[in-house]
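Asks: Before we start, here is the structure in question, set down as structure tokens.
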Amino acid sequence: MNGFSFQSGTNQAYQSADDVPDDRSFSDSFLTAEDLEYGPVQDSIMNREFGLPGPWNFSCSNRLIPNKLYSEGPLFDNWVFNGQFSQSGDMYYCTTQKQIRIFNTTDPLNWTLQKSLDVNGSFWSFNDVDLSPCEKYLILSSFESKLRLTPIDDSNIDDYNFTQGSINGVTTYDAIDTNAGIFSVKFSGDSNKVIVGTNRRSLEMYDLVKKKLVCSVQKAHDDDVNSVCFMDPEKSNIIASGSDESCIKIWDLRCLKYDGLPQGVLVGHREGVTYVSPKYDGISLVSNSKDQTLKLWDIRTMTSQKVYIEFKRSHRYQTYFDYRWERYPLKNYTKKLAADTSLMTFRGHAVFGTCIRCFFSPLFSTGQRFIYTGSSDGDVHIFDSVTGKTARILKDPYDGPLQETKLIRDVSWHPFVPLLCAASFRKTILSYNYSS
1 MNGFSFQSGT NQAYQSADDV PDDRSFSDSF LTAEDLEYGP VQDSIMNREF
51 GLPGPWNFSC SNRLIPNKLY SEGPLFDNWV FNGQFSQSGD MYYCTTQKQI
101 RIFNTTDPLN WTLQKSLDVN GSFWSFNDVD LSPCEKYLIL SSFESKLRLT
151 PIDDSNIDDY NFTQGSINGV TTYDAIDTNA GIFSVKFSGD SNKVIVGTNR
201 RSLEMYDLVK KKLVCSVQKA HDDDVNSVCF MDPEKSNIIA SGSDESCIKI
251 WDLRCLKYDG LPQGVLVGHR EGVTYVSPKY DGISLVSNSK DQTLKLWDIR
301 TMTSQKVYIE FKRSHRYQTY FDYRWERYPL KNYTKKLAAD TSLMTFRGHA
351 VFGTCIRCFF SPLFSTGQRF IYTGSSDGDV HIFDSVTGKT ARILKDPYDG
401 PLQETKLIRD VSWHPFVPLL CAASFRKTIL SYNYSS
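Numbering follows the UniProt record's numbering, with no gaps: position 351 of the sequence shown is 351.
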């Protein structure tokens, strides 16, 4: 992204003697047709039944990766920060700085506008938006200490103000604190509660029915909490949080009321974590980071809070560069931390300017084999979690003067058809589909 400056003379200071070669990073190679070949379908099925070794969890749809720009549009009044398909695939919801739009996508290639709302307020932009599992409500967070809830089928917007909430007599936000903000919000599986991450370094669980806080961890991280998620939305007990502290912490809501501590920490990123996204199997998740990497994790490899604190104290690996203006000093440094427990590391995309997001590909059409992410250079990168290679890079063809507006912050792959939509700072939605 244009406008960043490289800070010279700092890269050696953040390399440790016990850094190790990253032998699980292959994204500089591209996926080939052979990587997706499984042989005759009937032979594969027979071998699977006989228990012979082989990649039996296959899908013919693995070959149908979006590869062509299908459309640009609609146009918006400002940068598009968030954009996602519903779990049913019948809806696409997105936000700009102060506008909400919901589209009917029952026909994935012919959208109709279902709802449009302009929201007034002093906040700069919507940081996050989530659709309830029942698909009846949208919840939105911003640089304010309150959430906004809007039903899908009407134009009402209810404010849920955190300044009114307290736990054990401790107010979580000062009513006059204009710096309080909610960076991330996610619905629980029953649609009745939300978990949020804040720039006050806290995690908060909010009951939308009772309109009160039900859980709060005031010092969850040592820096802003940029992203939160439920590992298994049906049970909604295990939570992951990513922070500018550079780590991901795993929490069990059943234990928080006793000790207020995480169950473990995922160590491996060198800079702040911009997004965490689960596979919804209760075990796997992916994360994006300002260190310009995307990582695949198994939470069973997490380390303890005590070991993490000691490792970070003894290793000065975080540069704290400002990803809004500066280049990353260790961009070309590919060794990983000695404490890195990630399964794979992917490179090639750019994480500058805003919290770029990443996800697993759909279960129905791809078996969640692929991992995809937006990028500050306007591309969408799709990685293969089996081989570690780059499966595809979807290019933005825009060649105008304002190249910095090509940034892609949010991406969403339709749950059933090979259609991938990217929310662009060019004030539009880029739609890519599969073409033979």
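Idealized CB from N, CA, C, for every residue including glycine.
Keep in mind that this is a model prediction, so the values were computed, not measured.
1) Hey, T96 and F76: beta-carbon distance below 8 Å or not?
2) Go ahead and pull the three-state DSSP assignment for K389.
3) Given a cut-off of 8 Å on the beta-carbon distance, is the pair Y372 and I382 in contact?
4) Below 8 Å, can you find three or more Cβ-Cβ pairs linking the segment 299-315 to the segment 377-395?
5) Taking C-alpha atoms, which residue in K257, S289 and S71 lies nearest to H269?
6) Leaving out five residues before and five after V119 in sequence, what residues of the same chain have Cβ atoms less than 6 Å from its Cβ?
7) Using three-state DSSP, classify C255 as helix, strand or coil.
8) Name the residue from I283, E34 and S88 whose alpha carbon lies nearest to the alpha carbon of T301.
9) Which stretch, first to last residue, makes up the alpha helix (DSSP H) that contains I102?
10) Between R63, Q368, D232 and E204, which lies nearest to T32 when the distance is taken from Cα to Cα?
11) Cutting at 6 Å between CB atoms, please list the residues of its own chain near W251, excluding the five before and the five after it.
12) Threshold first: 3 residues or longer. Then list the beta strand (DSSP E) segments lying entirely within the segment 342-384, N to C.
13) Give the straight-line distance between the Cα atoms of V185 and V228, rounded to the nearest whole angstrom.
14) Can you tell me where the beta strand (DSSP E) holding S184 begins and where it ends?
15) Between which two residues does the alpha helix (DSSP H) harbouring K306 extend?
16) With distances taken from CA atoms, which of S142, Q15, T293 and L109 is nearest S25?
17) Please classify C255 as buried or exposed, where buried requires at least 16 other C-beta atoms within 10 Å of its C-beta.
18) Which term fits E34, buried or exposed, when burial requires 16 or more other beta carbons within 10 angstroms of its beta carbon?
19) On a CA-only basis, which of P397, M91, L117 and K406 is nearest V351? Give me that one, please.
20) Could you compute how far the alpha carbon of W297 sits from the alpha carbon of T341?
21) Can you tell me whether T95 is helix, strand or coil according to DSSP?
22) Below 8 Å on the Cβ atoms is my guess for S241 versus Q218; work out the distance and round it to an integer in Å.
23) According to DSSP, simplified to helix, strand and coil, what is T115?
24) May I have the straight-line CA-CA distance separating S216 from D244, to the nearest angstrom?
25) Mapping the DSSP letters down to three states, classify I176 as helix, strand or coil.
26) Could you check what DSSP says for T198 in three-state terms: helix, strand or coil?
27) Excluding sequence positions up to five away, which residues of its chain have a Cβ less than 6 Å from the Cβ of S188?
28) If contacts are defined as beta-carbon pairs under 8 Å, then R369 and S376 qualify, I think. What distance do you get, rounded to the angstrom?
29) Taking C-alpha atoms, which residue in D18, F183, E204 and G353 lies nearest to G260?
30) Between E135 and the rest of its own chain, which residues show a CB-CB distance below 6 Å, the 5 nearest in sequence each way excluded?
31) I'd like the span of the beta strand (DSSP E) that includes A422, first residue to last.
Replies: With the given structure in hand:
1) Position 96 of the sequence shown, counting from 1, holds the residue named residue 96. Position 76 of the sequence shown, counting from 1, holds the residue named residue 76. Yes.
2) If you number the sequence shown from 1, residue 389 lands on position 389. Coil at K389, not helix or strand.
3) To locate residue 372, count along the sequence shown from 1; it is residue 372. To locate residue 382, count along the sequence shown from 1; it is residue 382. Against a cut-off of 8 Å, the Cβ pair of I382 and Y372 comes out as a contact.
4) no
5) Here residue 269 corresponds to residue number 269 of the sequence shown, with the count starting at 1. Closest by alpha carbon: S289.
6) Indexing the sequence shown from 1 puts residue 119 at position 119. Excluding sequence neighbours, V119 sits near K98.
7) Here residue 255 refers to the residue found at position 255 when the sequence shown is read from its first residue. Of the three classes helix, strand and coil, the one that applies to C255 here is helix, per DSSP.
8) By 1-based counting over the sequence shown, the position of residue 301 is 301. Residue I283 is the option with its Cα nearest to T301.
9) The residue given as residue 102 occupies position 102 in the sequence shown. Where I102 is concerned, there is no enclosing alpha helix (DSSP H), although the beta strand (DSSP E) it sits in stretches over Q99 to N104.
10) For the purposes of this step, residue 32 is taken as residue 32 along the sequence shown, with counting starting at 1. Per the Cα distances, R63.
11) Counted from its first residue, the sequence shown places residue 251 at position 251. Counting only Cβ-Cβ distances below 6 Å, and skipping sequence neighbours, we find I239 and P262.
12) 344-346, 358-360, 370-373 and 380-384
13) Counted from its first residue, the sequence shown places residue 185 at position 185. Counted from its first residue, the sequence shown places residue 228 at position 228. Using only the alpha carbons, I get a separation of about 7 Å.
14) Taking the sequence shown and counting its residues from 1, one reaches residue 184 at position 184. Per DSSP, S184 belongs to the beta strand (DSSP E) from I182 to F187.
15) As a working note, residue 306 is residue 306 in the sequence shown. It spans Q305 to S314 - the alpha helix (DSSP H) in which K306 sits, taken as one unbroken run.
16) Start at 1 with the first residue of the sequence shown, and residue 25 comes out as number 25. Looking at the Cα atoms, T293 is the closest of the given residues.
17) Here residue 255 is taken as the residue at index 255 of the sequence shown, counted from 1. The residue in question, C255, is exposed, as its Cβ has fewer than 16 Cβ neighbours within 10 Å.
18) Translated into the one-based positions of the sequence shown, residue 34 becomes position 34. With fewer than 16 other Cβ atoms within 10 Å, it is exposed.
19) For the purposes of this step, residue 351 is identified with residue 351 of the sequence shown, where counting begins at 1. The option with the nearest alpha carbon to V351 is K406.
20) As a working mapping, residue 297 is identified with position 297 in the sequence shown. As a working mapping, residue 341 is identified with position 341 in the sequence shown. Approximately 8 Å, taken between the alpha carbons.
21) To locate residue 95, count along the sequence shown from 1; it is residue 95. The answer is strand: DSSP assigns T95 an E or B state.
22) Position 241 of the sequence shown, counted from the start, is the residue given in the question as residue 241. Position 218 of the sequence shown, counted from the start, is the residue given in the question as residue 218. Actually they do not touch by this definition, with Cβ atoms about 13 Å apart.
23) Reading the sequence shown from its first residue, position 115 is the one you call residue 115. The question names Thr, but residue 115 is Lys in the sequence shown. Note: K115 maps to strand in three-state DSSP.
24) Within the sequence shown, numbered from 1, the residue matching residue 216 stands at position 216. Within the sequence shown, numbered from 1, the residue matching residue 244 stands at position 244. Each residue's Cα considered, the two are about 19 Å apart.
25) Your numbering for residue 176 matches position 176 in the sequence shown. Low confidence applies here, because I176 scores a pLDDT of 31, under 50, leaving its location unreliable and the question unanswered by this model.
26) As a position in the sequence shown, residue 198 is number 198, starting the count at 1. Here T198 sits in strand by DSSP.
27) Counting from 1 along the sequence shown, the entry for residue 188 is found at position 188. Within the same chain, S188 has close Cβ partners S236.
28) Taking the sequence shown and counting its residues from 1, the one referred to as residue 369 is at position 369. Taking the sequence shown and counting its residues from 1, the one referred to as residue 376 is at position 376. 25 Å between Cβ atoms; not a contact.
29) Taking the sequence shown and counting its residues from 1, the one referred to as residue 260 is at position 260. Checking every option, the nearest Cα to that of G260 belongs to E204.
30) As a first step, residue 135 is located in the sequence shown; it is residue number 135 there, counting from the start. Excluding sequence neighbours, E135 sits near S86.
31) Position 422 of the sequence shown, counted from the first residue, corresponds to residue 422. Per DSSP, A422 belongs to the beta strand (DSSP E) from L419 to S424.
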